[in-house]
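Enquirer: Protein chains in written order, with the working numbering: chain A, -19 to 243; chain B, 106 to 237.
Pasting a structure below so you can have a look.
As structure tokens, this is what we get:
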């Protein structure tokens, strides 16, 4: 054991020394950024010079996440979904039946304040997600903010309040699957239109390219929506909010294993 | 002035490295499962902060560097944006890494809960002793 600790410490010291020797010039920020960053910054919203290559999204991070590296983000969403499925599989059959009793939860004041702030939390989350192509934020962040609401409700009212009101895990899984289906449909939308019209188009295509002429509309009624990005953010918000809520409800209500082992 | 800036950026770098080391130590040598998970989150956040730090851009001529969000939708605005904004790529990668890290943490929490149900403890020394 002592040997392992010493070896770990030596490796950390050597790695740090290597990092300082080789990388300090590249690690410490300078007044200039890398050429690839300049490319992204130039291409994110530039219909003036790059007619066919821009994403039409003023938010460079969202442009990278859902357009330049869209496939990456799709699989990232799948990883989150898989983790959730793994959690549900580990707790299968363990959700307790919840019986409503009076007198649960915090005081009337807290409950009333929660009822007032609940729509506001929803509004903030929706705003973050739907303005994801204009301001910092996006579908994942907005969904996380929306998912704060079930957590607060669980704490303020009771662990089974959501289930009693009809927000069951199976409904949430359907909502999550619909969100993922919407993401997949948005990714395929331009391709399907291209197949229908008989013109070349790509999966995950957003704006028109020189070899593929069709594109998603960048404006709807004069409002900038950046093509697929708005739809991706919307569906991702639903998927993430539902996913978090499933996790909260499952962690709160899965109680069966201890009692079963105790019998 | 330039040297002072370099010094402060180095302070941030050294703090991140120290944080990284402490988190690694806690993952390896803390006996409790929950403490290991907390250390893992600290490790992930440190690495994410490090990625953002690499993508930072120093101020050009006393002008603050900008977030990678274009606010002036004109040709001159784009020009200024390219000259002042920080690197957006590490931020996009960190966004992905946060979600993946969250998925891992979620799975580990469920796993720890099952572990507790089976062994009635989350102390790794106890679990090692009880194994088999």
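The beta-carbon is built from N, C-alpha and C at its ideal position, and this holds for glycine as well.
Everything numeric in this text was worked out from a predicted model, so none of it was measured.
Out of curiosity, what's the CA-to-CA distance linking residue 232 (chain B) and residue 144 (chain B)?
Expert: One C-alpha to the other measures close to 19 Å.
Enquirer: Measuring only between beta-carbons, confirm whether residue 8 (chain A) sits less than 8 Å from chain B.
Expert: Residue 8 (chain A) counts as touching chain B.
Enquirer: Hey, out of A:6, A:225, A:-15, A:-3, whose CA is closest to residue 151 (chain A)'s CA?
Expert: For the residues A:6, A:225, A:-15, A:-3, the minimum Cα distance to residue 151 (chain A) belongs to A:225.
Enquirer: Can you name, in chain order, every residue of its own chain whose Cβ lies under 8 Å from the Cβ of residue 116 (chain B), other than the five neighbours on each side?
Expert: Same-chain partners within the cutoff: there are none.
Enquirer: Sort out for me which residues DSSP pairs residue 228 (chain B) with in a bridge.
Expert: B:137, per the DSSP bridge assignment.
Enquirer: Quick check on this structure: which residue in A:33, A:11, A:20, A:-8 has the alpha carbon closest to the alpha carbon of residue 194 (chain A)?
Expert: Minimum Cα distance to residue 194 (chain A) is reached at A:33.
Enquirer: When you compare only the Cα positions, how much space is there between residue 197 (chain A) and residue 208 (chain A)?
Expert: Residue 197 (chain A) and residue 208 (chain A): Cα-Cα distance of roughly 8 Å.
Enquirer: For residue 234 (chain B), which three-state DSSP category applies?
Expert: The answer is helix: DSSP assigns residue 234 (chain B) an H, G or I state.
Enquirer: Return the chain-ordered ranges of every beta strand (DSSP E) run that is complete within the segment 117 to 199 of chain B and spans a minimum of 3 residues.
Expert: Counting whole runs of 3 or more residues, the segment 117 to 199 of chain B contains no beta strand (DSSP E) stretch at all.
Enquirer: Should the segment 38 to 56 of chain A be called in touch with the segment 103 to 121 of chain A, which here means at least 3 C-beta pairs below 8 Å?
Expert: Counting Cβ pairs under 8 Å, three or more are found: they touch.
Enquirer: When we look at the beta-carbon of residue 191 (chain A) and count the other beta-carbons within 10 Å, is it buried (16 or more) or exposed?
Expert: Looking at its Cβ environment, which holds fewer than 16 other Cβ atoms inside 10 Å, residue 191 (chain A) is exposed.
Enquirer: Looking only at its chain, what residues have a beta carbon closer than 6 Å to the beta carbon of residue 215 (chain A), apart from the 5 residues adjacent to it on each side?
Expert: Excluding positions up to five away in sequence, the list reads 159, 162, 163.
Enquirer: So, are the CB atoms of residue 25 (chain A) and residue 194 (chain B) less than 8 Å apart?
Expert: Taking 8 Å as the Cβ cut-off, residue 25 (chain A) and residue 194 (chain B) do not qualify as a contacting pair.
Enquirer: According to DSSP, what are the bridge partners of residue 200 (chain A)?
Expert: Residue 200 (chain A) is bridged to A:203.
Enquirer: Which stretch, first to last residue, makes up the alpha helix (DSSP H) that contains residue -2 (chain A)?
Expert: First-last of the alpha helix (DSSP H) with residue -2 (chain A): -18 to 7.
Enquirer: With a 10 Å radius around its C-beta and 16 neighbouring C-beta atoms as the bar for buried, classify residue 47 (chain A) as buried or exposed.
Expert: Burial call: buried.
Enquirer: Just to check my reading of the structure: residue 211 (chain B) and residue 227 (chain A) have Cβ atoms closer than 8 Å, yes? What is that Cβ distance to the nearest angstrom?
Expert: Rounded, the Cβ-Cβ distance is 6 Å, consistent with contact.
Enquirer: Please confirm if the segment 12 to 31 of chain A is in contact with the segment 180 to 192 of chain B, defined as three or more CB-CB distances below 8 Å between the two stretches.
Expert: A contact exists between the segment 12 to 31 of chain A and the segment 180 to 192 of chain B.
Enquirer: Cα separation between residue 52 (chain A) and residue 167 (chain A)?
Expert: The alpha-carbon atoms of residue 52 (chain A) and residue 167 (chain A) are separated by roughly 12 Å.
Enquirer: Throw me the rounded Cβ distance for the residue 162 (chain B) and residue 191 (chain B) pair, which I believe falls under 8 Å.
Expert: Residue 162 (chain B) to residue 191 (chain B), Cβ: 5 Å. Contact.
Enquirer: Using the rule of at least 16 other Cβ atoms within 10 Å of the residue's Cβ for burial, across every protein chain shown, is residue 164 (chain B) buried or exposed?
Expert: So residue 164 (chain B) counts as exposed.
Enquirer: How about residue 108 (chain B): is its C-beta nearer than 8 Å to some C-beta of chain A?
Expert: So, not an interface residue.
Enquirer: The segment 211 to 235 of chain B: which residues have C-beta closer than 9 Å to a C-beta of chain A, in chain order?
Expert: Within the segment 211 to 235 of chain B, the qualifying residues are 211, 212, 214, 215, 216, 218, 219, 221, 222, 223, 225.
Enquirer: Considering Cα atoms alone, identify which of A:219, A:171, A:165 is closest to residue 61 (chain A).
Expert: The shortest Cα separation from residue 61 (chain A) among A:219, A:171, A:165 belongs to A:219.
Enquirer: Nearest by alpha-carbon distance to residue 166 (chain B): which of B:106, B:235, B:200, B:205 is it?
Expert: Nearest of B:106, B:235, B:200, B:205 to residue 166 (chain B), Cα basis: B:106.
Enquirer: On the DSSP bridge assignment, give the partners of residue 189 (chain A) in chain order.
Expert: DSSP, once it has assigned bridges, lists A:192 as partnering residue 189 (chain A).
Enquirer: Are the C-beta atoms of residue 212 (chain A) and some chain B residue less than 8 Å apart?
Expert: Chain B contact via Cβ: absent.
Enquirer: Hey, is residue 208 (chain B)'s beta-carbon within less than 8 Å of any beta-carbon in chain A?
Expert: Answer yes: the Cβ-Cβ gap between residue 208 (chain B) and chain A drops below 8 Å somewhere.
Enquirer: Could you run through the segment 180 to 193 of chain B and flag, in chain order, every residue whose CB is less than 8 Å away from some CB of chain A?
Expert: Those residues of the segment 180 to 193 of chain B that come within reach of chain A (Cβ to Cβ, closer than 8 Å) are 180, 183, 186, 187, 190, 191, 192, 193.
Enquirer: Relative to chain B, which residues along the segment 46 to 58 of chain A have a C-beta separation below 7 Å, given in chain order?
Expert: So the list reads 49, 52, 53, 56, given in the order they occur along the chain.
Enquirer: How about residue 143 (chain B): is its C-beta nearer than 8 Å to some C-beta of chain A?
Expert: So, not an interface residue.
Enquirer: Got a sec? Which residues, its chain only, sit under 7 Å from residue 180 (chain A) by beta carbon, not counting five neighbours each side?
Expert: Hits under 7 Å: 174, 191, 192.
Enquirer: Using alpha carbons as the reference points, say which of A:86, A:229, A:1 lies closest to residue 146 (chain A).
Expert: The residue with the shortest Cα to Cα distance from residue 146 (chain A) is A:229.
Enquirer: Can you tell me which of the three DSSP states residue 139 (chain A) falls into?
Expert: Here residue 139 (chain A) sits in coil by DSSP.
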